[in-house]
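For reference, the structure is listed below as structure tokens.
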Amino acid sequence: MNHSDKLLVTGAAGFIGFHVAERLLRDGLDVVGLDNLNDYYDVALKADRLAHLTAFPNFRFARLDLADRAGMARLFADGQFARVIHLAAQAGVRYSLENPAAYVDSNLVGFAEVLEGCRRNGCKHLLYASSSSVYGANTTLPFATDQNVDHPLSLYAATKKANELIAHTYSHLFRLPTTGLRFFTVYGPWGRPDMAMWIFADRIFRGEPISLFNHGQMRRDFTFVSDVVEAVVRLAAKPAEPDLAWSSDSPAPSSSNAPWRLYNIGNHSPIEVEYVVQLIERETGRTAKREYLPMQPGDVPATYADVSDLARAVDFAPRTSIEDGVRSFVSWLRKYKGF
0 MNHSDKLLVT
10 GAAGFIGFHV
20 AERLLRDGLD
30 VVGLDNLNDY
40 YDVALKADRL
50 AHLTAFPNFR
60 FARLDLADRA
70 GMARLFADGQ
80 FARVIHLAAQ
90 AGVRYSLENP
100 AAYVDSNLVG
110 FAEVLEGCRR
120 NGCKHLLYAS
130 SSSVYGANTT
140 LPFATDQNVD
150 HPLSLYAATK
160 KANELIAHTY
170 SHLFRLPTTG
180 LRFFTVYGPW
190 GRPDMAMWIF
200 ADRIFRGEPI
210 SLFNHGQMRR
220 DFTFVSDVVE
230 AVVRLAAKPA
240 EPDLAWSSDS
250 PAPSSSNAPW
260 RLYNIGNHSP
270 IEVEYVVQLI
280 ERETGRTAKR
290 EYLPMQPGDV
300 PATYADVSDL
310 ARAVDFAPRT
320 SIEDGVRSFV
330 SWLRKYKGF
């Protein structure tokens with residue numbers, strides 16, 4: 000990327016957004032980080048991430064809600080961002096059953112404001128977070144970007160599928176290059192306390208029981224955050240282009256005659272959740288108290304990413320082993336929480 004370019008990273012106080020912003024700052028780029036610091040999970044954790052970023056002289060923070068139309072318009076007009084990495088969203092599958100309005104406001108209204116800001120202010124490339132959740136009722140593994148994703152199983156997944164469709168419209172109408180990133184179970188230092196890896200480790204440290212859904216028969220494509228960051232940075236420097244081989248008679252689902260692309264960002268190695276618990280036990284030196292429960296609404300038994308498109312596009316595929324990744328995460332959590 001050109002070092003004269005100014006970048007916007009939304010969700011900069013969030014898990015992935017923090018890591019992406021830090022990498023760009025270390026690379027010497029000027030970054031504006033946006034976040035509304037909502038209380039979906041511990042605001043103190045977000046503040047700690049933000050404190051780390053504000054130590055960089057080339058970082059500026061904007062506390063702003065995505066759905067604030069006037070505020071977003073001012074931010075984009077003032078910033079004239081060359082590239083936007085949109086990682087802010089209302090996350091979580093299960094929470095979407097409790098508070099659907101939060102997903103509409105952030106993931107739909109907010110996403111539209113990001114697109115409008117990009118198209119009206121000369122953005123060269125928009126990357127945005129989608130999710131492996133869009134694969135929904137699909138059972139053919141590994142999940143590949145050429146598969147149909149028309150059967151989401153949660154409102155969260157439906158909003159992410161909607162993001163992909165709306166982005167395509169803007170790419171088609173306004174020739175705005177957009178790239179969607181379907182993340183698969185990201186974990187690592189500075190992670191999210193609402194996700195399984197953190198919940199398991201925290202409760203094992205505390206001697207509290209952990210819940211294993213689908214009676215422990217769950218598999219996830221756990222993807223270490225540094226691998227995710229590498230993929231995002233490489234793709235940010237490669238604006239989506241029209242696919243010259245794309246045919247309206249047989250339309251490919253992940254490319255277009257517009258400058259629009261979709262990629263899986265996963266470790267292409269599904270891991271039994273039970274094995275992850277065993278690794279955490281080994282790293283903490285403690286034994287988990289297990290509670291086996293049925294599958295939860297909106298959940299899926301397995302995720303597994305085909306990342307061949309990513310490898311072809313930017314010569315990269317995530318490769319951190321689950322053993323190394325869990326060791327790094329547990330070491331960080333021990334220090335951060337004082338276990």
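Numbering (numbering that gives the first Met the number 0), first residue to last: 0 to 338. Ideal placement from N, C-alpha and C gives every residue a C-beta, glycine not left out.
Cβ pair residue i, residue j closer than 8 Å
| i | j | result |
| --- | --- | --- |
| Y127 | G179 | yes |
| A235 | H85 | no |
| E290 | P208 | yes |
| Y335 | D193 | no |
| R285 | I203 | yes |
| F328 | G190 | yes |
| A76 | N120 | yes |
| E282 | R218 | no |
| A304 | N263 | yes |
| L23 | H2 | no |
| R205 | S131 | no |
| F80 | R118 | no |
| T144 | S253 | yes |
| D220 | P300 | no |
| L292 | L211 | yes |
| F14 | L52 | no |
Segment limits, alpha helix (DSSP H) that includes residue i
| i | result |
| --- | --- |
| A81 | Counting along the chain, A81 falls outside any alpha helix (DSSP H), and DSSP gives it neither H nor E. |
| K334 | I321 to K336 |
| Y274 | V272 to T283 |
| Y94 | Y94 to E97 |
| T178 | Careful: T178 lies outside any alpha helix (DSSP H), inside the beta strand (DSSP E) at T177 to F182. |
| R174 | It is not in any alpha helix (DSSP H) - R174 carries neither H nor E in the DSSP assignment. |
| L6 | No alpha helix (DSSP H) holds L6; the beta strand (DSSP E) holding it covers K5 to T9. |
| H18 | F14 to R25 |
| G109 | G109 to R119 |
| L309 | S307 to V313 |
When the options are compared against residue i, the one with the closest alpha-carbon
| i | options | result |
| --- | --- | --- |
| A166 | L107, A287, S320 and P317 | L107 |
| Y261 | R333, S307, F60 and F17 | Looking at the sequence shown, residue 261 is not Tyr but Leu. Closest option to L261, Cα to Cα, is S307. |
| H267 | L23, T302, N256 and Y169 | T302 |
| P258 | F60, K159, T53 and Y169 | Y169 |
| A161 | L140, Y102, F14 and D64 | Y102 |
| Y155 | R174, L140, T144 and S129 | S129 |
| D298 | N37, D145, A88 and N137 | N137 |
| P238 | V19, R82 and I15 | R82 |
| N213 | R311, R68 and E273 | E273 |
| F60 | A20, D26, G324 and R68 | A20 |
| D323 | T222, G215 and L292 | T222 |
| R62 | P56, A87 and F55 | A87 |
| V275 | S255, A244, A50 and S320 | S320 |
| Q295 | L164, L175 and S153 | S153 |
| L309 | L332, L278 and V231 | V231 |
| N256 | M196, E280, P176 and G215 | P176 |
| G91 | K159, H18, P241 and F338 | K159 |
| V133 | F338, L164 and A195 | L164 |
| H171 | G13, E240 and G135 | E240 |
| G265 | S246, R318, S249 and D242 | R318 |
| R25 | V42, M196, F58 and D38 | F58 |
| S105 | D149, N37, A312 and N147 | N37 |
| K150 | P141, F142 and G135 | Lys is not the amino acid found at residue 150; the sequence shown has His there. When each option's Cα is compared against that of H150, the closest is G135. |
Limits of the beta strand (DSSP E) - the one that residue i falls within
| i | result |
| --- | --- |
| D47 | No beta strand (DSSP E) holds D47; the alpha helix (DSSP H) holding it covers V42 to T53. |
| A287 | Unbroken run through A287: none, as it is neither H nor E. |
| G32 | D29 to D34 |
| A61 | F58 to R62 |
Cutoff 8 Å: residue i Cβ touching any chain C Cβ
| i | result |
| --- | --- |
| G135 | Here there is only one protein chain, and chain C is not present. |
Exercise. Would the region 225–239 and the region 175–195 be scored as touching if the rule is three or more Cβ pairs under 8 Å?
Worked result: yes
For this session: Entirely within the region 195–264 and at least 4 residues each: give me those alpha helix (DSSP H) ranges in chain order.
Result: 195–205 and 224–235
Problem set entry | Cβ pair count under 8 Å reaching 3, the region 1–9 against the region 31–48 | yes
For this session: Evaluate contact between the region 102–113 and the region 61–73, counting only Cβ atoms and requiring at least three cross-stretch pairs below 8 Å.
Result: yes
Exercise. Do three or more CB pairs link the region 45–53 to the region 83–97 at distances below 8 Å?
Worked result: no
For this session: Quick one: which unbroken beta strand (DSSP E) runs of 3-plus residues sit fully inside the region 124–176? Chain order, please.
Result: 124–130
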